[in-house]
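A.B. asks: Please see the structure below; I have some questions.
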Amino acid sequence: TLKELSEKGAKVVVLAHQGRPGDPDFIPLKQHAERLGEFLGKPVKYVDDLYGEKAKQAIKELKSGEILVLENTRTYSEERKSKTPKEHAESEFIKELAPLADLFVNDAFSAAHRSHASVVGFTAVLPSVAGRIMERELKALTQVLESPEKPCVFILGGAKADDSLKISEYVLKNEIADYILTGGITGHLFLVATGVDLGKPNMELLEKQKVLELVPGIKDLMSKHPGKIKVPVDVAVEVEGKRKELSVKDLPTEYPIFDIGTETIKEYSQIIKNAKSIVISGPPGVYEREEFMKGTKGILESVAESKAFSLVGGGHTVAAVQELGLSDKMSYISTAGGALIEFLMGSKLPAVVALEEAAKKK
């Protein structure tokens, strides 16, 4: 997006955030500007000011095709308050910067679920458009949610079982997904909902994460959509540092479960093979440890080999895809975490709504 704008002769001012106040990764964007310059093969300017005189002067001095990165937007105390675009537009930050711009481009799909000042404020006062990444993300996600080729399979793993449940409810109720394959903590919880006792260490973990209260909702969902939600048929536990596989029939176990087992991989891979659309969010096992990488590797390789449209999302899943060298075999890899989850639950994203509203004003 930046390259395209700069090559067309625009004077480009970049707003971005990094970390949250108080966090170790809450740092100025100077090195981001330098890194950006390396990517673009041209110097990128930086000013350690967001909307004061220094920043405004630097913007006014920009020449055609030049790019300037402003200070971390989260240094502004009001940035992270959730307000409407109109309310944010009344802030000092927007009032100082908006008059210097002709167009607002939002390319931060990964922040689209936040109604923050820099995300929605400018849309109330400037002509506003989506950047290329925002456009790509929305096209890929809309394809999956509005008109997926069938059968459509959702593979939900990872630790965020409450998100997985909300996504499952939305995509089953709206007949988007034909099957949901569960793994990770999500899989554990769905197994518990079918009446399986996973054994002390595993039940304690679910209790500690306060996710057992989701079980009644899962039972309800499974009874409303019989046969649509698949749970693991075998699991891998750690016994003295080694992987050992157990059939679900042989549970409970005194050992911690860290992955899905070989039979589950086979069963899930068969469903993946027949799919025409696939969404995967969350790894099915603790892939960071070599002996428990098998489930994640098996499932991701099946998705990579399939001819279906495949959408990969979530930080850990994307990292696993990259680690396995499968990135180019996936149809679309999403840059977003929270925004993707919200979108898959059917929630409206504030940044997208703000852009739609701005488009009506043209």
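Take the sequence shown: its position 301, counting from 1, is numbered 283 in this note's numbering, and each next residue is one higher.
Even for Gly, the Cβ is constructed at its ideal location relative to N, Cα and C.
Note that the structure is a prediction, hence the values are computed from the model and not measured.
Hey, residue 101 and residue 318 are a contact pair by Cβ (cut 8 Å); roughly how many whole angstroms apart?
C.D. replies: Going by Cβ atoms, the distance from residue 101 to residue 318 rounds to 13 Å, so no, they are not a contact pair.
A.B. asks: Quick one: which unbroken beta strand (DSSP E) runs of 3-plus residues sit fully inside the region 61 to 129? Chain order, please.
C.D. replies: List check, beta strand (DSSP E) in window: 86 to 88, 110 to 112.
A.B. asks: Is it buried or exposed, residue 180, if we count other Cβ atoms within 10 angstroms and call 16 or more buried?
C.D. replies: Residue 180 is buried by the Cβ-count criterion.
A.B. asks: With a threshold of 16 other CB atoms inside 10 Å of the CB of residue 266, please say whether the residue is buried or exposed.
C.D. replies: The residue in question, residue 266, is buried, as its Cβ has 16 or more Cβ neighbours within 10 Å.
A.B. asks: Comparing alpha-carbon positions, which option in 150, 177, 219, 175 lies nearest residue 183?
C.D. replies: Out of 150, 177, 219, 175, 219 has the C-alpha closest to the C-alpha of residue 183.
A.B. asks: Restricting to Cα atoms, I'd like to know which of 197, 331, 44 is closest to residue 95.
C.D. replies: Looking at the Cα atoms, 331 is the closest of the given residues.
A.B. asks: Could you give the distance in angstroms between the alpha-carbon of residue 37 and the alpha-carbon of residue 133?
C.D. replies: The straight-line gap from Cα to Cα measures roughly 52 Å.
A.B. asks: Just to confirm before moving on: does the CB-CB distance between residue 8 and residue 56 stay below 8 Å?
C.D. replies: In contact: residue 8 and residue 56 (Cβ atoms closer than 8 Å).
A.B. asks: Is DSSP giving residue 295 helix, strand or coil here?
C.D. replies: Reduced to three states, the DSSP call for residue 295 is strand.
A.B. asks: Hey, residue 214 and residue 169 are a contact pair by Cβ (cut 8 Å); roughly how many whole angstroms apart?
C.D. replies: At roughly 5 Å, the Cβ-Cβ gap stays under 8 Å, so residue 214 and residue 169 are in contact.
A.B. asks: Since residue 218 is in the alpha helix (DSSP H), which residue starts that stretch and which ends it?
C.D. replies: Element bounds for residue 218: not the alpha helix (DSSP H) but the beta strand (DSSP E), 216 to 221.
A.B. asks: Please specify which runs of the beta strand (DSSP E), each continuous and at least 3 residues long, are wholly inside the region 138 to 192, giving them in chain order.
C.D. replies: Listed in chain order, they are 161 to 164.
A.B. asks: Just curious, the beta strand (DSSP E) that residue 227 is in, first and last residue?
C.D. replies: Note, residue 227: beta strand (DSSP E), 224 to 229.
A.B. asks: List the whole-angstrom C-beta distance separating residue 113 from residue 76, where the pair is believed to meet the contact cut-off of C-beta under 8 Å.
C.D. replies: Contact flag wrong, Cβ pair sits at about 19 Å.
A.B. asks: Could you name the residues that DSSP lists as bridge partners for residue 232?
C.D. replies: DSSP output for residue 232 lists no bridge partner at all.
A.B. asks: Can you look up residue 197 in the DSSP assignment and give me helix, strand or coil?
C.D. replies: In this structure, residue 197 counts as helix in the three-state DSSP scheme.
A.B. asks: If I measure Cβ to Cβ from residue 249 and keep anything under 8 Å in the same chain, skipping five residues before and after, which residues do I get?
C.D. replies: Taken in chain order, the residues that qualify are 212, 215.
A.B. asks: What is the DSSP secondary structure of residue 285, reduced to helix, strand or coil?
C.D. replies: Residue state, collapsed to three classes: helix.
A.B. asks: Would the beta-carbon of residue 328 fall within 8 Å of that of residue 58?
C.D. replies: Not a contact, by the Cβ cut-off of 8 Å.
A.B. asks: Name the DSSP beta bridge partners of residue 212, please?
C.D. replies: Looking at the DSSP assignment, residue 212 forms a beta bridge with 163.
A.B. asks: Go ahead and pull the three-state DSSP assignment for residue 261.
C.D. replies: The answer is strand: DSSP assigns residue 261 an E or B state.
A.B. asks: With residue 207 and residue 154 assumed to form a contact (beta carbons below 8 Å), what rounded beta-carbon distance in angstroms separates them?
C.D. replies: Going by Cβ atoms, the distance from residue 207 to residue 154 rounds to 5 Å, so yes, they are a contact pair.
A.B. asks: Is residue 313 closer than 8 Å to residue 295 when the C-beta atoms are compared?
C.D. replies: Against a cut-off of 8 Å, the Cβ pair of residue 313 and residue 295 comes out as no contact.
A.B. asks: Report buried or exposed for residue 205, applying the criterion of at least 16 other Cβ atoms within 10 angstroms of its Cβ.
C.D. replies: That one is exposed.
A.B. asks: With three or more C-beta pairs closer than 8 Å as the rule, is the region 275 to 284 touching the region 292 to 309?
C.D. replies: Segments in contact, yes.
A.B. asks: Which of the three DSSP states, helix, strand or coil, is assigned to residue 50?
C.D. replies: Reduced to three states, the DSSP call for residue 50 is strand.
A.B. asks: Let me know the beta strand (DSSP E) ranges lying completely inside the region -15 to 60, each 3 residues or longer, listed in chain order.
C.D. replies: The region -15 to 60 contains these whole beta strand (DSSP E) runs: -6 to -4, 49 to 51.
A.B. asks: Restricting to Cα atoms, I'd like to know which of 13, 50, 30, 35 is closest to residue -13.
C.D. replies: Closest by alpha carbon: 50.
A.B. asks: I'd like to check one pair, residue 274 with residue 325: are the Cβ atoms closer than 8 Å?
C.D. replies: In this structure, residue 274 does not lie closer than 8 Å to residue 325 by Cβ.
A.B. asks: Count the other CB atoms, across all protein chains shown, that sit within 10 Å of the CB of residue 156; report buried if there are 16 or more and exposed otherwise.
C.D. replies: Flag for residue 156 reads exposed.
A.B. asks: Using C-beta distances below 6 Å, list every residue in its chain close to residue 47, excluding the 5 sequence neighbours before and after it, in chain order.
C.D. replies: For residue 47, where only same-chain residues beyond five positions count, the Cβ hits under 6 Å are -12, -9.
A.B. asks: May I have the straight-line CA-CA distance separating residue 35 from residue 164, to the nearest angstrom?
C.D. replies: Near 53 Å, if we compare the C-alpha coordinates of residue 164 and residue 35.
A.B. asks: Which residue marks the beginning of the alpha helix (DSSP H) containing residue 325, and which one marks its end?
C.D. replies: Counting along the chain, the alpha helix (DSSP H) containing residue 325 begins and ends at 320 to 326.
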